[in-house]
Amino acid sequence: MPNPFGTPHRHFMVTDSTNTRARELVEAGAPGGTVVTAREQTAGRGRVGRVWTAPEGKALLYSAILRPLDQRHLLLPLSVPLAICAAAEALRPGIKCQVKWPNDIWLEGRKLSGVLIEAKPQNGWAVIGVGLNLTIAPDEFPSDLRQPAISLFSSRVGGLPPTTSTAAEMLSRHLDHWVWADDDEVLDEWRRRDGLRGREVAWEDGSGVADGIDDRGNLVVVTVGGDRVSLGAGEVQLRL
Ligand code: BTN
0 MPNPFGTPHR HFMVTDSTNT RARELVEAGA PGGTVVTARE QTAGRGRVGR
50 VWTAPEGKAL LYSAILRPLD QRHLLLPLSV PLAICAAAEA LRPGIKCQVK
100 WPNDIWLEGR KLSGVLIEAK PQNGWAVIGV GLNLTIAPDE FPSDLRQPAI
150 SLFSSRVGGL PPTTSTAAEM LSRHLDHWVW ADDDEVLDEW RRRDGLRGRE
200 VAWEDGSGVA DGIDDRGNLV VVTVGGDRVS LGAGEVQLRL
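Residue numbers (numbering that gives the first Met the number 0): 0 to 239.
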C-alpha cells in the first residue's frame, strides 16, 4: 500500500496554483501521498482552461500526488468526486452530495466542488486537484459562473465550519479509500449519487437525456432520435 494521502503535507499561505506546485514536486521525485494546500491561489486553474478563484481561507485548495498511477486507476475521474462527497458529508453531517459527470460535486443542485486531474501516465503519476467551497458567501462567488455555486457552510445553515486543515485531513482519509477502490464499488457508488441521470444535456454535436454511465465511466445519453451514445470526458463539454 502506498503512502497515505497527506504524508508529507506542504502548506502555502499564497501560491499561484497548488496543482502547479504539486507537479513540480512530482517531477522532482516527490512520493505518492504528498499533498499541497494553500490558503490563497493567485492563478488557480479549473477544467478546460478555466480559472478557479476563491477568497483567501474560504475554500479547501488541495492537490495530491498519486504515484504509482496504473491500470487500477482507470476510473480515477469518478473515484475522486466520490471521496469528496464522503468527506463533505463527514464534515457536515446530514447533507447529501451528488456527482455530476464528468467530475463535479453538487449540493442542493449547486456546485460545491470541482476536480482538476493532471496526469502523465507514461511517467506513472497524477496530480489530483480539488477546490472545495467551505465558507464562501453567496455574494462572494463570481457573478459570471456557468453554474450556480454553494459552500459547505453558510450563515443560513449555521454550524461551526471546519478549518481548511481539518477539511484536508478528511479528504485525504477518504481518498485513501476511493482511489484504491475496486471498479465495481466505484461504479455502484457513482450510480447511487448520479445527479445528472434523467436530465437534459447538450454538447457540441448533439443533445439528449443523460442515462447514467457505462462501465468505463463514459456518460450514456439517449438522443432525441432514440440512439444511445457514450461520451468520453476528454471529448465533449456538456451544456446543462
Ligand atoms: C473545475 O471544476 O473546473 C476544477 C477546479 C479545480 C480547482 C482546484 S483548486 C486546487 C487545485 N489547484 C488548481 O489550480 N486547481 C485545483
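Positions of the beta carbon are idealized from the N, C-alpha and C atoms, including for glycine.
Quiz item: What's the C-alpha gap between ARG49 and GLU184?
Solution: 31 Å
Can you tell me where the alpha helix (DSSP H) holding ALA21 begins and where it ends? 17–26
Whole angstroms are fine: how far does the CA of SER150 sit from the CA of ALA201? 27 Å
| Going by DSSP, which residues form a beta bridge with LEU230? | LEU218
Does the count of Cβ pairs from the region 63–74 and the region 40–49 closer than 8 Å reach three? no
Let me know the secondary structure DSSP gives TRP124 once reduced to three states. strand
Assuming the contact rule is C-beta atoms closer than 8 Å, LEU131 and ALA180 should be a hit. Round their C-beta distance to whole Å, please. Between ALA180 and LEU131 the Cβ distance is about 20 Å, and since that is not below 8 Å, they are no contact.
According to the Cβ coordinates, are PRO161 and LEU133 closer than 9 Å?
-> yes
Original post:
Using DSSP with H/G/I as helix, E/B as strand and the rest coil, what is THR134?
Top reply: coil
Report the residue from ILE64, PRO76, LEU115 and SER153 whose alpha carbon sits nearest the alpha carbon of PHE4. ILE64
- Query: Does DSSP put ASP103 in a helix, in a strand, or in coil?
  - Reply: strand
On the three-pair Cβ rule with 8 Å, is the region 28–35 touching the region 93–105? no
Query - DSSP three-state assignment for ASP213, whether helix, strand or coil - result: coil
Margin query: Rounded to whole angstroms, what is the Cα-Cα separation between GLY22 and GLU117?
Written below: Reading off the sequence shown, one finds Arg at residue 22, where the question assumed Gly. If I take the Cα positions, the gap works out to 8 Å.
The ligand BTN and GLN40: does the residue's C-beta get closer than 8 Å to at least one heavy atom of that ligand? yes
### Query
HIS173 lies in the alpha helix (DSSP H); which residues open and close that run?
163–177
Item checked: Secondary structure of ALA87, DSSP reduced to three states -> helix
Report task. Report back the beta-carbon spacing between PRO141 and THR52 to the nearest angstrom; my notes put them in contact at under 8 Å. Result -> 6 Å
| said: Tell me the residue span of the alpha helix (DSSP H) that contains LEU186. | reply: 182–192
- Task: Over the uninterrupted beta strand (DSSP E) stretch that includes VAL113, give me the two end residues.
- Result: Here the sequence assigns Gly to residue 113, which means Val is not the residue at that position. First-last of the beta strand (DSSP E) with GLY113: 109–119.
**Prompt:** Which term fits THR14, buried or exposed, when burial requires 16 or more other beta carbons within 10 angstroms of its beta carbon?
**Reply:** buried
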